[in-house]
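Here the working numbering is used: the first residue of the sequence shown is 70, the next is one more, and so on. The C-beta atom is built at its ideal place from N, Cα and C for all residues, glycine as well. For reference, the structure discussed in these notes is given below.
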Amino acid sequence: MIPVCHLDDLPAGESVRIDTAPPIAVFNADGEIYAIDDTCTHQDASLADGWLEGCLVECPLHAASFDLRTGMPTCLPARRAVRTHSVTVENGMIYVHHAAEEGNAA
Ligand code: FES
70 MIPVCHLDDL PAGESVRIDT APPIAVFNAD GEIYAIDDTC THQDASLADG
120 WLEGCLVECP LHAASFDLRT GMPTCLPARR AVRTHSVTVE NGMIYVHHAA
170 EEGNAA
């Protein structure tokens, strides 16, 4: 379980990148917290730097869009999903459960 930040430090519409290997992007999508692999599956762009619209994040480099709930791309040029990671909030603190540690490696 990886500590991310306090819930108050990640307001709705914001994201943060955590420097795991590979890095993970954590988003507050209208109050729901999601975590996905930070690196776009098209090329080497940070999705934490992308634009959040509802449950979708748009890659800042070529505008592929990913569904934070599933990791699936919703438009080209990305064709492969990013990995999703489960999230818990305990005592106001956000924690990510790395998919690889849970046996969900893609
Ligand atoms: S790097 Fe993300 S769409 Fe190209």
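Open item on the list: In this structure, how does DSSP classify A117 when only helix, strand and coil are distinguished?
Closed with: Numbered from 1 along the sequence shown, position 48 holds the residue referred to as residue 117. Helix.
Task: Distance, G82 Cα to L137 Cα - done: The sequence position of residue 137 within the sequence shown is 68, counting from 1. The sequence position of residue 82 within the sequence shown is 13, counting from 1. Answer to the nearest angstrom: the Cα atoms are 13 Å apart.
TODO: State whether the stretch 122-140 contacts the stretch 91-105, with contact taken as three or more CB pairs (one from each stretch) at a distance under 8 Å.
DONE: yes
Open item on the list: Could you check if P92 belongs to the surroundings of ligand 1, using beta carbon to heavy atom distance under 7 Å?
Closed with: Here residue 92 corresponds to residue number 23 of the sequence shown, with the count starting at 1. For ligand 1, not one heavy atom lies less than 7 Å from the Cβ of P92.
TODO: Quick one: residues in its chain with C-beta nearer than 7 Å to the C-beta of G119, no 5 flanking neighbours on either side, listed in chain order?
DONE: As a first step, residue 119 must be located in the sequence shown, where it is residue number 50. Contacts found: V126, E127, C128 and P129.
Task: Sequence-distant residues of its chain with Cβ nearer than 8 Å to H75 (five each side left out) - done: Residue numbering aside, residue 75 sits at position 6 when the sequence shown is read from its first letter. Answer for H75: G161, M162 and I163, listed in chain order.
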